[in-house]
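Residue numbers (the numbering used here): 273 to 750. Where a beta carbon is used, it is the ideal one built from N, C-alpha and C, also for glycine. To keep things clear, I will list the structure first and then write my remarks on it.
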């Protein structure tokens, strides 16, 4: 039985930096490209720089199931080694952005495995200044150069799997088919970690997904998913982050406290990571500052890749256990619905003495299927044949895609550039050799549909960037 879609308000895909309807122009003064690197506070705060003493992700493939990755971005040179499209609307290699947020996958990819790049004019190589006892490599010295975005696992390899997040896929393929195909393809291509910065406000997932996630579990793959954003209407964690065995990631502000807007709550959360004032690469070579658990998830996926690189024979269950058992406790009781087992500590996850586990502490999808799906067939009565219980129908919500707006329309001040117009997107756009910061206007899109759907059984899907506004029902978990 197909459920009617509920009317939902769709906000733009990025962070709100101003009140709704306000318009502001931040001084568009040129900034050096390495200023992008300096904005990556989470590399030190989450212990990632110290973890780089052990490994930088060598030998690990990570699949990003998202809107597609622009592998031509200078910070991703050599990072994307394969890809495919499951939407029917993208390129064969998964590098064409699709859906309402085509830039989303590139943002995620650069945060996960960006390599940075060398400046056009060589400069003296910076040295580490963290302290006399520190042996951790400086973030400026890691990767291909000191400029641009450096990912958590800058030597890992990426697989791009593009899916269409939205209700108007021109190919007609729905998410029920795209997601399981994407997961199975990623596993078959040798991915040891899968990142899913997408989700739903519904805790349920289509039964058509069961086999794919059970397949990934059987093949010992770590799957990391964004928990969702309260501001987008995801008050509670939604699927796929609710699937047993998946490491769901909650969001933190820069002070290490649960983000008010960029983190949903729920018992499924395994660990929390930075989700505010993040910076990532945009298709075409630019950069954007953004919020959401869509950005927190690749930070954790990167740490999972570091662990799998250092301990190549370690099981997925043990990798997940290392991440959650070494997290810094936060909140009342462990785990709790706000922080999970605590705040990500990459250095501890790589080096701490952690007891070996035989089973995934976050559960097993195969076991869940065995216990729960068997009850979804109604026994025959009065000579009538057995019938299946109707399954919840999850639909992807369209995301309000950032739209290029000439700066002249916003203000006559400053050099001419392009601004991403979305929900107050704070964009760092490289134009004419310089980097400019511009604050765009908040833009809301509305999508109308038949009312009256069962809120518990139907959910909308999308990316979890901080683009969602109540009562929207899921999207990219930026």
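- In this chain, residue 415 is not harboured by any alpha helix (DSSP H), its DSSP state being neither H nor E.
- Per DSSP, the unbroken beta strand (DSSP E) holding residue 553 starts and ends at 550-553.
- Secondary structure at residue 546: strand, using DSSP grouped into helix, strand and coil.
- Counting only runs of at least 4 residues, the region 447-522 fully encloses the following alpha helix (DSSP H) elements, listed from N- to C-terminal order: 447-460 and 482-490.
- Residue range 429-434 is occupied by the beta strand (DSSP E) that includes residue 429.
- Between the region 568-576 and the region 408-426 there are three or more C-beta pairs closer than 8 Å, enough to call the two in contact.
- For residue 380, the uninterrupted alpha helix (DSSP H) run begins and ends at 376-385, by DSSP.
- For residue 453 against residue 358, the beta-carbon gap comes to about 5 Å, under 8 Å, which counts as contact.
- Under the DSSP assignment, residue 328 falls outside any beta strand (DSSP E); it carries neither an H nor an E label.
- Taking all protein chains shown into account, residue 329 has 16 or more neighbouring C-beta atoms within 10 Å of its C-beta and is therefore buried.
- About 7 Å separates the beta carbon of residue 552 from that of residue 567, a gap short enough to meet the 8 Å contact definition.
- When DSSP states are grouped into helix, strand and coil, residue 558 belongs to the coil group.
- The secondary-structure analysis by DSSP pairs residue 322 with nothing; it has no beta-bridge partner.
- When the beta-carbon positions are compared, residue 463 and residue 334 come within less than 8 Å of each other.
- Counting other Cβ atoms within 10 Å of its Cβ, residue 310 stays below 16 and is therefore classed as exposed.
- Going by DSSP, residue 598 is part of no alpha helix (DSSP H) at all; its letter is neither H nor E.
- Within the same chain, 357 come within 7 Å of residue 363 by CB-CB distance, once the 5 residues on both sides are set aside.
- Residue 595 and residue 543 do touch by the CB rule: their CB atoms are close to 6 Å apart, below 8 Å.
- Here the alpha carbons of residue 617 and residue 316 stand approximately 10 Å from one another.
- The alpha carbon of residue 475 has as its nearest neighbour, out of 513, 486, 559 and 492, the alpha carbon of 513.
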